[in-house]
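Q:
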Amino acid sequence: MAAQENKTSLEVIPRDNAKIMKIWKTAGILLAITAVEFLMAFTMDRGLLLYFLFIVLTIWKAKYIMMEFMHLGEEAKPLFYSIIVPLIFLVWLVIALMREGTDIFMLRW
Amino acid sequence: MSTTATAIGVSSKRGIWGGGNEPLKASYGKLMMWFFLLSDIFTFAAFLITYAAIRVSYPAYSGTMDAFQGSNEYWPIPELVFDAFPFFHGVHMPLVFVGLMTFILIMSSVTMVLAVEAGHRNDRNDVVKWMLWTLLGGITFLSCQAWEWSHFIHGSDNGAVLTYVNTLNQVVTETIYGANLVVNEYGPAAFAQLFFFITGFHGFHVTIGVVLLFLAFYQAAVGVYERRGHYEMIEKIGLYWHFVDLVWVFVFTFFYLI
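Which chain is which? The protein sequence lines are A and B, in order.
Every position in the first sequence, counted from 1, becomes a number in the working numbering once 4 is added.
Letter 185 of the second sequence, counting from 1, is numbered 178 in the working numbering, and no numbers are missing.
1. Assuming contact is defined by CB atoms lying nearer than 8 Å, are B/P71 and B/Y249 in contact in what I supplied?
2. Check each residue of the segment 22 to 38 of chain A: if its Cβ is closer than 9 Å to any Cβ of chain B, include it; give the result in chain order.
3. With H, G and I counted as helix, E and B as strand and the rest as coil, what does DSSP make of A/E104?
4. Using 8 Å as the limit for Cβ to Cβ distance, is B/H235 near chain A?
5. Does the segment 184 to 198 of chain B come close enough to the segment 37 to 54 of chain B to have 3 or more Cβ pairs within less than 8 Å?
6. Expressed to the nearest angstrom, what Euclidean distance is found between the alpha-carbon atoms of A/L111 and B/W140?
7. Among residues of its own chain, excluding the 5 on either side of A/W113, which ones have a beta-carbon nearer than 8 Å to its beta-carbon?
8. Which residues of chain A have a Cβ atom closer than 8 Å to the Cβ of B/N115, listed in chain order?
9. Apply the 10 Å Cβ neighbour rule to B/Q62 and answer buried if 16 or more other Cβ atoms are within range, or exposed otherwise.
10. Distance cutoff 8 Å, beta carbons only. Does B/I99 sit that close to anything in chain A?
11. Mapping the DSSP letters down to three states, classify A/Y68 as helix, strand or coil.
12. Report yes or no: do three or more beta-carbon pairs, one from the segment 213 to 232 of chain B and one from the segment 83 to 99 of chain B, lie closer than 8 Å?
13. Mind checking which residues open and close the alpha helix (DSSP H) that includes B/A38?
14. Roughly how many angstroms separate the alpha carbons of A/A6 and A/S13, rounded to a whole number?
15. What residue range is occupied by the uninterrupted alpha helix (DSSP H) comprising B/A182?
16. Anything in chain A within Cβ reach of B/T43, meaning under 8 Å, just list it in chain order.
17. Would you say B/T133 faces chain A, with C-beta separation under 8 Å as the test?
18. If you check the beta carbons only, do B/I132 and B/G152 fall under 8 Å apart?
19. Cα-Cα, which of B/M100, B/V242, B/V120, B/G202 is closest to B/V109?
20. For B/M(-6), count neighbouring C-beta atoms within 10 Å of its own C-beta (all shown protein chains included) and say buried if the count is 16 or more, exposed if not.
21. B/S102 and B/W234: beta carbons closer than 8 Å?
22. Let's test the definition: count the other Cβ atoms within 10 Å of the Cβ of B/Q163 and tell me whether it reaches 16, buried, or not, exposed.
23. Just by C-beta distance, which residues in the segment 176 to 195 of chain B are closer than 7 Å to chain A?
24. Determine contact between the segment 221 to 230 of chain B and the segment 190 to 210 of chain B, defined as no fewer than three beta-carbon pairs at a distance below 8 Å.
25. For A/R103, count neighbouring C-beta atoms within 10 Å of its own C-beta (all shown protein chains included) and say buried if the count is 16 or more, exposed if not.
26. Is B/H195 buried or exposed, if buried means 16 or more other CB atoms sit within 10 Å of its CB?
27. From the DSSP output, in three-state form, read off B/V84 for me.
28. Can you pull the chain B neighbours of A/L97, defined as C-beta to C-beta under 8 Å?
29. With 16 as the cutoff for other CB atoms within 10 Å, does B/M105 come out buried or exposed?
30. List, in order along the chain, the chain B residues whose C-beta lies closer than 9 Å to that of A/I59?
31. Alpha carbon to alpha carbon, what distance is there between B/F28 and B/Y21?
32. Expressed to the nearest angstrom, what Euclidean distance is found between the alpha-carbon atoms of B/A213 and B/K122?
33. Can you have a look at B/L239 and say buried or exposed, based on whether 16 or more other CB atoms are within 10 angstroms of its CB?
34. Buried or exposed for B/L155, please, with buried defined as at least 16 other CB atoms from any protein chain shown within 10 angstroms of its CB.
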């Protein structure tokens, strides 16, 4: 026990270039999606279609960050689902508050 | 000591409740970080969904882009509000600065994964190098946000003429420059309030993140993790830092793009 605590150097495992390349590839994808969003913001008309595309691209980026950067996909399945499944409650919140906002709009204007 | 621990672990009577096993195959710290992040997702989601609800309760600006004038009668178009860039005073550069901030934060997230990857390999030099880059990215992002806030608060050269209820409960019509929690030149009062609360709460998370990053950078550099035998702390702080990036991706879309 004491010997282990006094150990000052760990064995360094050499770099796995394929793994590092994959990280940079994910970074490239994230930046490319952001660039596409920028392009769309200035070329497309504002409207529901554009907003829908923005939201799809954002969730796509979120998937890359959570699965590749946070390694959620590599965790045990129960842990994965205990993080993802509770997010279903947000769907209700979106529906409820958008309805609320629309009703306030109808009352006010 | 180790013999007693094994004896409890294999006891058929006590089964998995005897201790010595890892629920969900993750360490305690990592598991708790994940559940903290889940609760934080709900907090940020509540903020952003509230933004959406308040936004749809106001009419959208319907005129042409060139004729845009801030008013508390309708919700502004973000790319016409956030169009300034440091050292380019008066030049209309829509969303360029916030695009740069997004780039900085994504890049600092990338250097963070590289630090975590180096931690898996017990490579102290690489961990220290990538932690330093991540730290720099975080500090740069915070500085950009400080400029963004300062510009938002001070406002444009011309301001906007608004009729509103001031803090003394009087209805006044005057030229407004910049923004505070009562009135702002860009749109309804709620626009600036949401800006301050959403980007402020995110900025607060980034600030905490920078403190944690510095701590991990320092401890990695002086060899605390090497003596401990593993670099799991880098992984846990990495999870938090990626989360901050994840939230920014959503703030960017809902506040600046839509």
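Built from N, CA and C at the ideal position, the CB exists for glycine as well.
Note that the structure is a prediction, hence the values are computed from the model and not measured.
A: Straight from the coordinates:
1. If you number the second sequence from 1, residue 71 of chain B lands on position 78. If you number the second sequence from 1, residue 249 of chain B lands on position 256. In this structure, B/Y249 lies closer than 8 Å to B/P71 by Cβ.
2. K23, I24, I27, W28, T30, A31, L34, L35, T38
3. As a working mapping, residue 104 of chain A is identified with position 100 in the first sequence. Three-state result, A/E104: helix.
4. The residue labelled residue 235 of chain B in the question sits at position 242 within the second sequence. So, interface residue.
5. yes
6. Along the first sequence, read from residue 1 onward, the residue named residue 111 of chain A stands at position 107. Along the second sequence, read from residue 1 onward, the residue named residue 140 of chain B stands at position 147. Between A/L111 and B/W140, the C-alpha separation is close to 38 Å.
7. Taking the first sequence and counting its residues from 1, one reaches residue 113 of chain A at position 109. There are no such residues.
8. Stepping through the second sequence from its first residue, residue 115 of chain B is reached at position 122. Per Cβ cutoff of 8 Å: L14, E15, V16, I17.
9. Numbered from 1 along the second sequence, position 69 holds the residue referred to as residue 62 of chain B. By the neighbour-count rule (16 or more Cβ atoms within 10 Å), B/Q62 is not buried but exposed.
10. For this step, residue 99 of chain B is matched to residue 106 along the second sequence. B/I99 counts as touching chain A.
11. Locating residue 68 of chain A in the first sequence gives position 64, where the first residue counts as 1. Three-state DSSP puts A/Y68 in a helix.
12. no
13. Position 45 of the second sequence, counted from the first residue, corresponds to residue 38 of chain B. Looking at the DSSP string, the run of the alpha helix (DSSP H) that includes B/A38 is 21 to 49.
14. The count along the first sequence starts at 1 and reaches residue 6 of chain A at position 2. The count along the first sequence starts at 1 and reaches residue 13 of chain A at position 9. With a pLDDT of 45 at A/A6, under the threshold of 50, the predicted position of this residue should be treated as unreliable, though the coordinate-derived value follows. The alpha-carbon atoms of A/A6 and A/S13 are separated by roughly 15 Å.
15. Numbered from 1 along the second sequence, position 189 holds the residue referred to as residue 182 of chain B. 182 to 215 is the span of the alpha helix (DSSP H), which, as asked, contains B/A182.
16. Reading the second sequence from its first residue, position 50 is the one you call residue 43 of chain B. Ordered by position in chain A, the residues that pass the 8 Å Cβ test against B/T43 are L101.
17. As a position in the second sequence, residue 133 of chain B is number 140, starting the count at 1. Answer no: the Cβ-Cβ gap between B/T133 and chain A never drops below 8 Å.
18. Here residue 132 of chain B is taken as the residue at index 139 of the second sequence, counted from 1. Here residue 152 of chain B is taken as the residue at index 159 of the second sequence, counted from 1. It is not a contact, given that the beta carbons lie outside the stated cut-off.
19. Within the second sequence, residue 109 of chain B is the residue found at index 116, counting from 1. Comparing Cα-Cα distances from B/V109 to each of B/M100, B/V242, B/V120, B/G202, the minimum goes to B/V120.
20. Within the second sequence, the letter at position 1 stands for residue -6 of chain B. The predicted position of B/M(-6) is uncertain, since its pLDDT is 41 and thus under 50; no value can be drawn from it.
21. Stepping through the second sequence from its first residue, residue 102 of chain B is reached at position 109. Stepping through the second sequence from its first residue, residue 234 of chain B is reached at position 241. Yes. Within cutoff.
22. Taking the first residue of the second sequence as 1, we reach residue 163 of chain B at position 170. Its Cβ having fewer than 16 others within 10 Å, B/Q163 is exposed.
23. none
24. yes
25. Residue numbering aside, residue 103 of chain A sits at position 99 when the first sequence is read from its first letter. Burial call: exposed.
26. Translated into positions along the second sequence, residue 195 of chain B becomes position 202. So B/H195 ends up on the buried side.
27. Counted from its first residue, the second sequence places residue 84 of chain B at position 91. Of the three classes helix, strand and coil, the one that applies to B/V84 here is coil, per DSSP.
28. Within the first sequence, the letter at position 93 stands for residue 97 of chain A. In chain order: A38, A39, I42.
29. Working through the second sequence from its first residue, we reach residue 105 of chain B at position 112. B/M105 comes out buried.
30. Here residue 59 of chain A is taken as the residue at index 55 of the first sequence, counted from 1. Those are T246, F247, I251, listed as they occur along chain B.
31. By one-based count along the second sequence, residue 21 of chain B stands at place 28. By one-based count along the second sequence, residue 28 of chain B stands at place 35. When rounded, the distance between both Cα atoms is 11 Å.
32. Reading the second sequence from its first residue, position 220 is the one you call residue 213 of chain B. Reading the second sequence from its first residue, position 129 is the one you call residue 122 of chain B. Cα-Cα distance, rounded: 10 Å.
33. If you number the second sequence from 1, residue 239 of chain B lands on position 246. Buried: at least 16 other Cβ atoms inside 10 Å.
34. Walking along the second sequence from the start, residue 155 of chain B turns up at place 162. The residue in question, B/L155, is buried, as its Cβ has 16 or more Cβ neighbours within 10 Å.
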